[in-house]
Amino acid sequence: MKTMHVVRFILILCCVSSFSYADTMNISTLLQEMTAIKQDEVLFKRTLDEGYERAVLCVHCHGEDGNSKRDRIPNLASQNSQYLFIQFEHFANGIRKDYVMSKLASGLTAQDRLAVALYFSEQTVKPRDQAINVSESGARLYMSNCIACHGKEGHGSAQYPRIAGQPYAFLEMTLLRFMNADEQRQNSPMTSVVKHMSAEQLKEVAAFITNMP
Ligand code: HEC
Ligand code: HEC
Numbered sequence: 000m001k002t003m004h005v006v007r008f009i010l011i012l013c014c015v016s017s018f019s020y021a022d023t024m025n026i027s028t029l030l031q032e033m034t035a036i037k038q039d040e041v042l043f044k045r046t047l048d049e050g051y052e053r054a055v056l057c058v059h060c061h062g063e064d065g066n067s068k069r070d071r072i073p074n075l076a077s078q079n080s081q082y083l084f085i086q087f088e089h090f091a092n093g094i095r096k097d098y099v100m101s102k103l104a105s106g107l108t109a110q111d112r113l114a115v116a117l118y119f120s121e122q123t124v125k126p127r128d129q130a131i132n133v134s135e136s137g138a139r140l141y142m143s144n145c146i147a148c149h150g151k152e153g154h155g156s157a158q159y160p161r162i163a164g165q166p167y168a169f170l171e172m173t174l175l176r177f178m179n180a181d182e183q184r185q186n187s188p189m190t191s192v193v194k195h196m197s198a199e200q201l202k203e204v205a206a207f208i209t210n211m212p
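Structure below.
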């Protein structure tokens, strides 16, 4: 997988801009398809194998087991598959912007995106080695502002992403983007959630979340 992945990674970066986002199937149809795949044991296994193959394009940054290699890159392991899949739509349609992810999202077929989302979702997130201190107010802020959607444990649900255990730098960067209504993450319900919070409070809550198992 290793040598292949370097070659294919370079290939995708060079060529992907010539692909077009040609999948016309809408997102809810595709999410229904994802549910159907999960319910069929044989098909599910086959799709995970396909996802493993496609993951060759991702492991350089997100890790072979979905535990990210760098602090500004999110873990994909244990994330809910629906959320992972929807983020591809967001990168492809410009609601969310990232140089590499936006190109990748437009280059993969719908089947590829379903398969990698399922593959990474089935991996297990591992705690990171980070020396980040948690304050009491970080915990309080989480309990009063975040559990309604992300849950007491930060594990999310089919509708909301898991945030527990994401790298601190990713969380801080993301929350500040929401606060500043940054064009890299537009149209997010998070914008109104964090608008009454200060940058300091967002850092405290990020420190709490990154330490959640
Ligand atoms: C060159 C590094 C790189 C590669 C290769 C890469 N990613 Fe990413 N990915 C990122 C970064 C950086 C972000 C965070 C972007 C942001 O929010 O600014 C990200 C975000 C994501 C997200 C959103 C996750 C979340 O919690 O918000 C998903 C899903 C994702 N990547 C899937 C993939 C998949 C699947 C592949 C392979 C097909 C892939 N990525 C390849 C760097 C990469
Ligand atoms: C009203 C529901 C709601 C509340 C309350 C909420 N969130 Fe969110 N959050 C969402 C949704 C929906 C998303 C995904 C949409 C998006 O990426 O724009 C999200 C995304 C995120 C992300 C990005 C995850 C990723 O992997 O890209 C972070 C980090 C986050 N929330 C942290 C928080 C924190 C911290 C709080 C409390 C201060 C909070 N959220 C409160 C709904 C909520």
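Take the sequence shown: its position 181, counted from the start at 1, is 180 in numbering that gives the first Met the number 0, and no numbers get skipped. In this text, a Cβ means the ideal position worked out from N, Cα and C, and glycines have one as well.
Query, Result
"For the segment 60-79 and the segment 119-127, state whether three or more C-beta atom pairs, one from each stretch, are separated by less than 8 Å.", "yes"
"Check whether the Cβ atoms of A198 and M172 lie closer than 8 Å to each other.", "no"
"Using the rule of at least 16 other Cβ atoms within 10 Å of the residue's Cβ for burial, across every protein chain shown, is S16 buried or exposed?", "With a pLDDT of only 38 at S16, under the threshold of 50, the placement of this residue in the model should not be trusted, and no figure is reported."
"By how many angstroms is the C-alpha of F84 removed from the C-alpha of V204?", "26 Å"
"Round the Cβ separation of A206 and Y167 to the nearest angstrom and send it over; I've been treating them as touching at under 8 Å.", "7 Å"
"Is any heavy atom in ligand 2 found nearer than 7 Å to the beta carbon of M189?", "yes"
"Which of the three DSSP states, helix, strand or coil, is assigned to R95?", "strand"
"For L140, collect the residues of the same chain with a Cβ closer than 8 Å to its Cβ; drop the 5 residues on either side in sequence, then sort them by chain order.", "M196, Q200, E203, V204 and F207"
"For M211, does the count of other Cβ atoms within 10 angstroms reach 16, so buried, or fall short, so exposed?", "buried"
"Does the beta-carbon of L30, which I'm using as the reference point, lie nearer than 7 Å to any heavy atom of ligand 2?", "no"
"Alpha carbon to alpha carbon, what distance is there between E88 and D48?", "22 Å"
"Within its chain, find whatever has a CB closer than 6 Å to the CB of N132; leave out the 5 residues flanking it on each side and keep chain order.", "none"
"If L103 and L29 are in contact, beta carbons under 8 Å, what's the gap, nearest whole angstrom?", "That belief does not hold up - the Cβ atoms of L103 and L29 are roughly 17 Å apart, past 8 Å."
"Under three-state DSSP, which class holds R249?", "It is not possible to answer for residue 249, since the shown part of the chain is limited to 0 through 212."
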